[in-house]
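Trainee:
What follows is the structure in structure tokens.
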């Protein structure tokens, strides 16, 4: 019975949640002033310091962090992981970057039994926004289907880029 329930739940997620990992290609947008989201405002400190990764390890956005990569959908998360999978193991550390993914909208059973084991296969840390209220502090609804790259200087937001391709992501990180 439990197996049938799990299979039905998985089928429902694929049917209603979609199984596409493709991000619709759109023009890059870069913001250099104003408030992007409640916790992301140009000229202000980035709104998160301590986060937890897919292994339960706490990390932080320190003064040496230069880039924060944020994904708010399954497709944008896959785009970032696809890019990072082609880079050296220490790419994020070498670029003083962190990757944060929003998993707050995912049903708990799907997160625990499907998503988390998949995330734990990555050799790099992915900090997770598990709480919807926390995720809303960083999410810009207008650009929710983009990868958000936040440029920091000593924890202060300098600019924010929104990208939809691996090439644009690489440019935003260089």
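Numbering (the numbering used here), first residue to last: 270 to 443.
Note that the Cβ used here is the ideal one computed from N, Cα and C, for glycine as well.
Under the rule that 16 or more other beta-carbon atoms within 10 Å means buried, what is residue 324, buried or exposed?
Mentor: By the neighbour-count rule (16 or more Cβ atoms within 10 Å), residue 324 is not buried but exposed.
Trainee: Ignoring anything shorter than 3 residues or poking outside the stretch 362-428, list the beta strand (DSSP E) runs there in chain order.
Mentor: Whole beta strand (DSSP E) segments, 3+ residues: 366-371, 396-398 and 416-422.
Trainee: Is DSSP giving residue 436 helix, strand or coil here?
Mentor: DSSP places residue 436 in helix when its eight states are reduced to three.
Trainee: Do you know offhand how far residue 424's Cα is from residue 330's?
Mentor: The straight-line gap from Cα to Cα measures roughly 7 Å.
Trainee: Under the three-state reduction of DSSP, which class applies to residue 306: helix, strand or coil?
Mentor: Strand, per DSSP.
Trainee: From the beta carbon of residue 350, is the nearest beta carbon of chain C less than 7 Å away?
Mentor: No chain C appears in this structure, which consists of one protein chain only.
Trainee: Tell me whether residue 352 sits in a helix, a strand or coil according to DSSP, three-state version.
Mentor: Looking at residue 352 - three-state DSSP - the assignment turns out to be helix.
Trainee: Mind reading off the beta-carbon distance from residue 309 to residue 407? Whole number of angstroms is fine, and I expect it under 8 Å.
Mentor: Sure, about 6 Å apart at Cβ, within 8 Å.
Trainee: Taking residue 394 as the reference, which of 443, 341, 360 and 409 has the closest Cα?
Mentor: Ranking 443, 341, 360 and 409 by Cα distance to residue 394 puts 360 first.
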